[in-house]
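Chains as they are written, first to last, in my numbering: chain A, 1 to 306; chain B, 307 to 612; chain C, 613 to 918; chain D, 919 to 1224. Okay, so here's the structure we're looking at.
Number of protein chains: 4
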Amino acid sequence: MELKRPIRHAKITNDMTVSELAEAFSGCAFGAGRLFEAVEIYREMINDCECTKFFGLAGAMVPAGMRQIVSDMIRDRQIDILVSTGANLVHDIIESMGLHHYKGTDTADDVQLKHDAVNRIYDVYLPEHHFTDFEEKMQPIFKEIPDKLSITQLLSHIGAKLDDDNSILKCAYDMGVPVYCPAIQDSIIGLQAWLYKQTKPLNVDVFDDMRGLIDRCYEAKRAGVVIVGGGVPKNFILQSMLVTPKSFDYAIQLTMDRPETGGLSGATLDEARSWGKIGENARAVTVYSDATITLPIIVAAAKSRE
Amino acid sequence: MELKRPIRHAKITNDMTVSELAEAFSGCAFGAGRLFEAVEIYREMINDCECTKFFGLAGAMVPAGMRQIVSDMIRDRQIDILVSTGANLVHDIIESMGLHHYKGTDTADDVQLKHDAVNRIYDVYLPEHHFTDFEEKMQPIFKEIPDKLSITQLLSHIGAKLDDDNSILKCAYDMGVPVYCPAIQDSIIGLQAWLYKQTKPLNVDVFDDMRGLIDRCYEAKRAGVVIVGGGVPKNFILQSMLVTPKSFDYAIQLTMDRPETGGLSGATLDEARSWGKIGENARAVTVYSDATITLPIIVAAAKSRE
Amino acid sequence: MELKRPIRHAKITNDMTVSELAEAFSGCAFGAGRLFEAVEIYREMINDCECTKFFGLAGAMVPAGMRQIVSDMIRDRQIDILVSTGANLVHDIIESMGLHHYKGTDTADDVQLKHDAVNRIYDVYLPEHHFTDFEEKMQPIFKEIPDKLSITQLLSHIGAKLDDDNSILKCAYDMGVPVYCPAIQDSIIGLQAWLYKQTKPLNVDVFDDMRGLIDRCYEAKRAGVVIVGGGVPKNFILQSMLVTPKSFDYAIQLTMDRPETGGLSGATLDEARSWGKIGENARAVTVYSDATITLPIIVAAAKSRE
Amino acid sequence: MELKRPIRHAKITNDMTVSELAEAFSGCAFGAGRLFEAVEIYREMINDCECTKFFGLAGAMVPAGMRQIVSDMIRDRQIDILVSTGANLVHDIIESMGLHHYKGTDTADDVQLKHDAVNRIYDVYLPEHHFTDFEEKMQPIFKEIPDKLSITQLLSHIGAKLDDDNSILKCAYDMGVPVYCPAIQDSIIGLQAWLYKQTKPLNVDVFDDMRGLIDRCYEAKRAGVVIVGGGVPKNFILQSMLVTPKSFDYAIQLTMDRPETGGLSGATLDEARSWGKIGENARAVTVYSDATITLPIIVAAAKSRE
C-alpha cells in the first residue's frame, strides 16, 4: 500500500475568509476533510455549464434562518430544480408576508407555550396566529388558480403572488425554476387545500409532475445534486434518475442522520451507486454535520474569487 | 424535592419472557426505562376500546424483516389507520409476489453490486430484476382500477389483488384499515404510475385523502399513535389532529433520530404538545433506540397474558 | 453474486421468551439482525471454556439500573476481567451502602435541582448528600489499605469492604475477577483519594496494572470481549491485546456512538482488525442501539435452556 | 409570552470572512445559532484576563489535522490548562518526529490494511512501523526522567524533548501550560511505560496531579472551559471544580454525542449546572456538529479584528 497524501494540519490566520478556511481543511480528515471535498465538488458542479443542478431541501431549514441562502442560490443559478418538503415552503410563505419566526429555546415548557399560542420547532418559536394570516393569504390564491393543475404549477402560482424577493418560491417563479413537493398535502398548504376543497373544486394530480422531472433527468448532459437532510426530496430526486440510462455525476449530502438505522435519510451515497442513481465514477461526499453550518460554508467558499 | 421512585436494578432470570424483561425494566432509567413506559402506554392504548389507533411507518422496516409484525398488528386490531412511506408498501408487494429480500452486508462494494444488478438497502440486498416482476404485477392492476381515485383507494385496490395473508396491504384491505401514503409518487409505485400514464388516463388527487383522515380525528373519542422513524407519516398523522379541537391521548415514538438537527423526525413529542397535536396530559414517550428491536419488544410484551 | 439468505420476517407469539424473540430476529436485518448475531456470538463465547472473557463498562450503566445484570454476569463466570469507568464503580459503592438513585426526568430545571441539592444524570437523580455518606465510607477504607498499591488492588480492597452481594465490586472480589479502572482519578473515588492524600501517604502507580492485564492477554487460549459504550475501557482492553501476538476471537460492541466523528467510542470493530486487536477471522458485531436495552436482551437470551 | 428576537436569515457575501459568517449566523437557530453563541462566548472568555481557560481534548483530533490549531491556541494564551486523552498526545509526538498520518478512506478493507501493516482511524491511515520509531524515541526519554513523578511532570519532560514548534506538548512546555492526561496508561505512551518498567523502576502516581488542578480551580477568579468530544477530559475538568465553592463561568461543548444515551460525553451542559460544576448564570452552549469543523470556525472567528 502506497501512502501518498499526508495529513496537513489546518492553520488559522487573521481575518481568514471562509474560502481560505475550506482550503485549510484540504489536508484534514473526518468532517473537515469531507467539507473540503464538498466545497471542491460544489465548485466543479456550479462551473459545469452542461450540468443540471438539483437541490433537495428537507429539515426545517427555513425556520432556522437558511431561507435567503436558498433563494440566493436560485438567483445565482446554482439550482435548476428544487425539491422541497411542504414545511419549508409554508415557512417561506409566512416570512414573505412580513411575519416572523422567533428565537426561542429547545428547553421550553411546551404546555406553557401551548397556553401562550406559540408553536415550537426545536429552538424556534412561531405565533399560532400566523396561521390565521396564512389562511387569509392562501384562500384567495386558491380561488384564482385553475381547478386542475399539478403540484409544481400550484407552487408556481403561489410564488407569483408573493411580494418578497427573498422568498424561495418567488425566486423560483422569477427564475423559472420548478419546485417539486411530493408530499405537499403533508403541510399547512395541504390543510388549506383541504379547507378550500370543502366548498370548491380543486384537482391536483399526484403523478403529473413525474414526467417533467424525469424528462429533465433524461435531457441532462450531466447532473448534480445537493441533498440537505434526506427525506422525500432525497429519494424523489434520486429515483427520477433511476428510470433513465443516466446517473448523477456530482452529489453532496449534508446530514446528521446515520446509515445504521437503514432509513434512506442516513443512507450513504455509495448505497445509491448500487442502484445506479449515482454514477460509478461520480464525485460524491456526505458531510455528517449540522447543515445549517455546512451549507452556508459551502456556498460562501464557492462565492470567493479564488 | 421529594425523591420517590428509587432505581430498581433489572434482574435477568432463566427463560424470561419478553413481558418479564419489560417488567424488569420498570425500575430502570435511560432507554430501558423509556421502553418500559412505551410498553405500559401501548397496553393501555390497545385495551382502550374507544381509542382510534394510528400507526406511522417510515424507515425501511419491511426490507429489515418487520413486515409480519405490522400485518399481525393490523389483524389483531392494534392499528385502525396506517400511514406509510411508499417504499415500505413497494417492498411489501414484492414479498407478496413470493420474491425475497436477502441478507447482505453494509460494507459491500456498491459498484460491484451495481454490476451484479443487486440494489442495497443498508445490509439488505434486492435483485434488480424484482422490479421487472413488479412492473408485470402492477401494470395490469392499474388497468383494472377506475381512472379517478384517491391514494387510499389506489392502495386498497392493490391490496385486494395480493395473494398473501402476511402482506400489510392485503391485511389492511381485509380488515378495512385505510392506508395513507402522502408521497406515493416518491416510490416505485409512483414510477409505475408514471409509466402507466404515458398511454392511459389516471387521475389520483393529492388532497382527496385528507378529508377522511381528518374526519377520523374528529370522530375519535380518544386517539393514540405509534410513530416508527418519523418522516412524512409522523407529520401527516399529527397535522391531521391539528385542525380538530382534539389531540392525541397516547403517543409512542421509536426512532434513532435526534432533536438537535431541528428536523421533524427527531423532534420530541413534547414539541408536538406546543402545537396541540399531542394533549397536555397525554401519556407520551420516545424510545431512542433501533425500532427493529423496540417495536417487536413492545408488541411481544403486550401479547402476554400478564 | 449469489443471494443465499432470504430475509425471514419476525413473528411475535404469545408469551414469547427473550430467547425466542432473539431467534425470531435470525432472519432480520438492521439492528434486529445485528442483535441476533450478538446473541449467537455471546452464547458461543460463554460456552467456550478456553476463552478469557473481557468486559468493558462505560456509560452510566449503574445509575440506569444495570448493576445487578453486571454483577450476575460476574457470578455466572461470564466476565473474567472487568474494565470500568470510575463513575460506574462510584455508583456501585453508593448502592451497596443502601443509598438509592432515583427516577427523574431529562427535562428538569437544573438550577432548581442545584438549589434542591439533587444531581442529575440524564433522567436519574442523585441526592448530593449521598456524597457525604460516601466520604464517611471511603476515608476509613483508605486508612486500612497499604500505602502503596495498584489501582486493581485498591478496587479489590474496596470490594472486600462492601456488604452487598449485588455489588459489582463485591462480586468481583468474591469471584477473583480483577477490576481495572485506568482513569480512576476521574471519579469521586479520585476526589476521595485527593482528600485522603492531603494528610496521609498513598501511592497508587499509574502503570502497575498493565502487566497483569497484558499477561492475561498473552495467556489466553482464546479471548472475547463485550464492550458497552466505548471510552477508556474499550481502548484499554483492545490495546492490551495489541502488544501480544494474539487477537480477540469474539467481540460484541453495544453503543449508540457513530463512526463518522472519528472517535474511538464509535469506531467499528473492523477498524480494530486493521490494528490486529481483533482477529481477521474473529466473529464480531456492533449493535447500534441503547445498551440498557440490548445488554439485558443478550444476557437473557443466553440464559435460556435452548 | 413576548417574542423579541425574530429569526434573521443568513446572507452569504463575496469573499466573506469566517468572522462575517459567524455574524451572519447571529439571527439563525439550530446549529448555526448555537455556533454563533459559541463564538460570542469564546471571544468574551479569551478577552477576560481574569479567566483561567481550560481545554478538554478528546476524540482523534490530532490524526484528523487539528494539531496546529490546538498548539496555536496554547501559544496565543487561549489555553491555560490542557486535559487530553493519551491518544492525541501519542499522535502529536509521532508528528513531531517528522512522521505522518495519511488520508485514507473509511470504507477500507481492514484485513488488507492489517496485511499492509497500516492502522486505520476512520479515514486516516497510520503506518504500523511508526510505532517502532515511537519506541526508539520514548525509551531514551524514560531513561532520563526521575523514577518518581506525576503524569503532568512526565508529559512536561516529554514535551521538552520534542523538536517541533507545532507540537502540542512542546508548546505546552514552552508556555508553562500543564497537560493532564488521567488515563495515560490507556495509550501507546502507556505501553511504552509498561515496556520500560519491565527492567527499570518508574513510579507515576495516579492521584498526584489532582491537587494542582484543583488548586487552579480554587485560585481562578473566573473560569472557562472548551470541551471537545467529551470523555475523560470533560469529566476530569468539571469534577475538579466540583470540590471548590466556585463553578465555571463560560462553557463551550463541541460534540456529536447525544444526551439520550445517558453517558457523560453527550450530557448537556445544563446537567452540569445541577451538580454545580457550571454556574447558574454561566454562559454555556453545546454545538452538536463535527468538532473538526466547529473548533476551527470558533478560533478563526475570534482571530479577526472585529
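Glycine is no exception: its CB is placed at the ideal position from the N, C-alpha and C atoms.
task: Identify whether R283 of chain A lies in helix, strand or coil by the three-state DSSP scheme.
output: strand
field: Bridge-paired residues (DSSP) for R426 of chain B
entry: B:Y431
message: Quick check on the burial criterion: 16 or more other C-beta atoms within 10 angstroms. Buried or exposed for E652 of chain C?
response: buried
message: Comparing C-alpha positions only, which one of B:I490, B:I464, B:N541 sits nearest to A478 of chain B?
response: B:I464
field: From B:M379, B:L575, B:E356, B:A499, residue whose alpha carbon lies closest to that of E442 of chain B
entry: B:A499
message: With distance defined between alpha-carbon atoms, name the residue in B:D492, B:I558, B:M481, B:A370 nearest to V591 of chain B.
response: B:I558
Extent of the continuous beta strand (DSSP E) to which S265 of chain A belongs: Element bounds for S265 of chain A: n/a, residue is neither H nor E.
message: So E566 of chain B contacts chain D; which residues on that side make the cut at Cβ distance below 8 angstroms?
response: F948, G949, R1176, Y1206
- request: Assuming M66 of chain A and A928 of chain D form a contact by the criterion Cβ under 8 angstroms, report the distance between their Cβ atoms to the nearest whole angstrom.
  value: 7 angstroms
- prompt: For R687 of chain C versus M787 of chain C, is the C-beta spacing smaller than 8 angstroms?
  reply: yes
- request: Indicate whether at least one CB of chain B lies closer than 8 angstroms to the CB of T1025 of chain D.
  value: yes
- request: Give a yes or no on whether the minimum CB-CB distance between K197 of chain A and chain B is below 8 angstroms.
  value: yes
query: On the three-state DSSP scale, how would you describe V177 of chain A?
result: coil
task: Report yes or no: do the region 573 to 580 of chain B and the region 593 to 611 of chain B share at least 3 C-beta pairs separated by less than 8 angstroms?
output: no
message: Three Cβ pairs or more, each shorter than 8 angstroms: is that satisfied between the region 755 to 768 of chain C and the region 659 to 670 of chain C?
response: no
message: Less than 6 angstroms between C-beta atoms, sequence neighbours within five positions excluded: which residues of the same chain meet that for D386 of chain B?
response: T358, K359
query: Can you name, in chain order, every residue of its own chain whose Cβ lies under 6 angstroms from the Cβ of V1205 of chain D, other than the five neighbours on each side?
result: R952, L953, A956, L1172, T1212
message: Which of the three DSSP states is assigned to V818 of chain C in this structure?
response: coil
query: According to a CB-to-CB cut-off of less than 9 angstroms, which residues of the region 185 to 210 of chain A neighbour chain B?
result: Q185, D186, S187, I188, G190, L191, A193, W194, L195, Y196, K197, Q198, L202, N203, V204, D205, V206, F207, D208, D209, M210
- prompt: chain C beta carbons: is any one of them nearer than 8 angstroms to that of A1138 of chain D?
  reply: no
message: Residues of the region 414 to 429 of chain B in Cβ contact with chain A at a cutoff of 8 angstroms, in chain order, please.
response: A414, D416, V417, L419, K420, V424, N425, R426, I427, Y428, D429
message: Any beta carbon of chain A sitting closer than 8 angstroms to that of G1241 of chain D?
response: Because residue 1241 of chain D is not part of the residues shown, which for chain D are 919 to 1224, the question remains open.
message: 8 angstroms is my cut-off, CB to CB: does T904 of chain C come that close to chain B?
response: yes
query: Secondary structure at C335 of chain A, three-state DSSP: helix, strand or coil?
result: Given that chain A is displayed from residue 1 to residue 306, the structure contains no residue 335 of chain A and the question cannot be resolved.
query: Taking the alpha helix (DSSP H) that A24 of chain A falls in, what are its first and last residues?
result: 18 to 24
- request: Going by DSSP, name the residue or residues bridged to I81 of chain A.
  value: A:F54
- prompt: Just reading off the beta strand (DSSP E) that S779 of chain C is part of, what are its end residues?
  reply: From DSSP, S779 of chain C is part of no beta strand (DSSP E); its letter is neither H nor E.
query: Are the region 847 to 863 of chain C and the region 800 to 816 of chain C in contact at 8 angstroms, needing three or more beta carbon pairs?
result: no
query: For a contact meaning CB atoms closer than 7 angstroms, what does I685 of chain B contact in chain C?
result: Within the shown structure, residues of chain B are numbered from 307 to 612, placing residue 685 of chain B beyond reach of any answer.
query: How long is the line joining the alpha carbons of N1037 of chain D and L825 of chain C, rounded to whole angstroms?
result: 23 angstroms
When D:S1002, D:V980, D:R1201 are compared against G1098 of chain D, the one with the closest alpha-carbon: Contrary to the premise, residue 1098 of chain D reads as Tyr rather than Gly in this sequence. Nearest C-alpha to Y1098 of chain D: D:S1002.
- prompt: Buried or exposed: where does E1198 of chain D fall if 16 or more other Cβ atoms within 10 Å of its Cβ makes it buried?
  reply: exposed
Same chain, Cβ closer than 6 angstroms to Y1043 of chain D, neighbours up to 5 away in sequence not counted: Y1020, G1022, V1036
- prompt: Can L497 of chain B and I399 of chain B be called in contact, C-beta distance under 8 angstroms?
  reply: no
message: Can you confirm whether S886 of chain C, when its beta carbon is compared against all beta carbons of chain D, has any partner nearer than 8 angstroms?
response: yes
- request: Sort D:D990, D:V1124, D:Y1136 by Cα distance to D1083 of chain D and report the nearest one.
  value: D:D990
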